[in-house]
Structure formats: C-alpha cells, structure tokens
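Oh and the sequence shown: position 10 is 267 in the numbering used here, straight run, nothing missing.
Glycine residues also receive a C-beta, built at the ideal position from the N, C-alpha and C atoms.
Given the structure is predicted, the values throughout are model-derived calculations rather than measurements.
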Amino acid sequence: MKSYVLRRLEPYEPPYRVADRPDGLTHRAAAPDNQLVLDLPLAGESVVEEPRPSPDTPDGRQIGRLLTTILEACDGRRPPVQVRPILDPALHHALLESGLRRPAGGYRPKSVHLGHPADGVVEACATVEQNGRCLALAARFERTPSGWVCTRFHLLKPPRRVSALAA
258 MKSYVLRRLE
268 PYEPPYRVAD
278 RPDGLTHRAA
288 APDNQLVLDL
298 PLAGESVVEE
308 PRPSPDTPDG
318 RQIGRLLTTI
328 LEACDGRRPP
338 VQVRPILDPA
348 LHHALLESGL
358 RRPAGGYRPK
368 SVHLGHPADG
378 VVEACATVEQ
388 NGRCLALAAR
398 FERTPSGWVC
408 TRFHLLKPPR
418 RVSALAA
C-alpha cells in the first residue's frame with residue numbers, strides 16, 4: 258500500500274500593501290515580471306470608460322453565424338452566391354477565384370472573440386477546427402447601408418510540412 262503526503266503550497270499571490278485610503282481600496286505591491294496588476298482608480302482620478310458599441314452591433318453569436326456561413330462557402334458546403342450579401346465584392350471575387358476545395362471534415366468555428374475599434378466596425382478572431390487541427394481566423398465587419406459586410410477574412414493555416422523522405 259502506498260502512502261501519500263500532502264504538502265503545503267508556496268504562496269503564489271504577490272504581497273498586498275494596504276494604504277490608508279478613505280475608500281478602502283487596496284493596490285498590489287510592485288508587480289513581478291510578466292504579471293498584470295489590477296488598476297484601481299486613485300482619489301481624484303477620473304475613470305476612462307471604453308465606448309460601448311451601438312445597439313445594432315452584432316454580438317458574438319451573430320458574428321459566429323456569419324463566420325460559419327463564410328467558412329461553409331470556403332469549403333464548398335454552401336454556394337458562393339449565398340454569401341455575396343455579407344462579403345465585400347473584392348472578398349467575394351477572391352472566393353470565386355480560389356475555387357471550392359472541400360477539405361475533409363470542413364471548418365467549424367469553436368470560439369469567437371470580438372473587438373470594437375470604432376463605431377460601425379467589429380473585428381473578430383476565432384479558433385477554427387478542421388479534422389482535429391486548430392486554425393486561427395481573423396475577420397473584420399463594417400456597417401454599410403445594406404447591413405454588416407465582411408471586409409477582411411483571413412484563415413491562418415500552419416505551413417505545410419515537407420517530408421524528409423520526399424527529398
């Protein structure tokens with residue numbers, strides 16, 4: 258029979274320093290390398306809030322559906338004419354020129370993260386799965402009079418490996 262010993266962990270949080278503050282907020286001591294520090298407002302400082310996207314800005318679920326639609330057109334599961342309304346004309350032309358290659362398994366977006374760099378602009382990055390491999394996806398959507406249009410779309414694939422036996 259084996260016996261196990263439970264050891265105490267070393268402290269992993271940086272030490273706190275409590276300042277005599279009327280609002281009771283505390284700040285961490287100087288951060289060690291490669292560690293982020295929570296920024297708390299100091300007395301007399303104004304808090305800068307990031308602008309909120311307008312109410313008609315699509316959320317992560319809606320952008321995810323748009324990306325799925327574009328990916329289905331990229332791998333041949335959907336005719337390119339169906340994505341014409343949501344693609345910039347240059348992107349749609351590039352999709353038609355690239356030809357429809359049907360990769361085994363197709364592309365499936367797994368997680369989508371959004372950024373709002375300006376009003377009327379949504380930038381998305383996503384991880385996409387294809388046959389158990391994870392790929393990166395970057396896209397930019399802009400508001401136009403006809404609706405939201407994808408103006409940039411890049412599916413980033415790792416470089417092909419060259420077999421040493423092929424040489």
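- Pairing Ile343 with Cys382 gives a Cβ-Cβ distance that is not under 8 Å.
- According to DSSP, Gly404 shares a beta bridge with Thr401.
- In this chain, Glu329 is not harboured by any beta strand (DSSP E); it is covered by the alpha helix (DSSP H) spanning 317 to 331.
- C-alpha of Ser260 to C-alpha of Glu267: approximately 22 Å in a straight line.
- For Ser368, the three-state secondary structure derived from DSSP is strand.
- Spanning the alpha carbons of Asp316 and Arg400 requires a straight line of approximately 13 Å.
- The residue among Arg409, Arg390, Pro374, Phe410 with its C-alpha nearest the C-alpha of Ser311 is Pro374.
- In the structure shown, Glu380 adopts extended strand secondary structure according to DSSP, grouped into three states.
- Separation of the CB atoms of Thr325 and Pro366 is rounded to 6 Å, and the pair is thereby assigned contact status at 8 Å.
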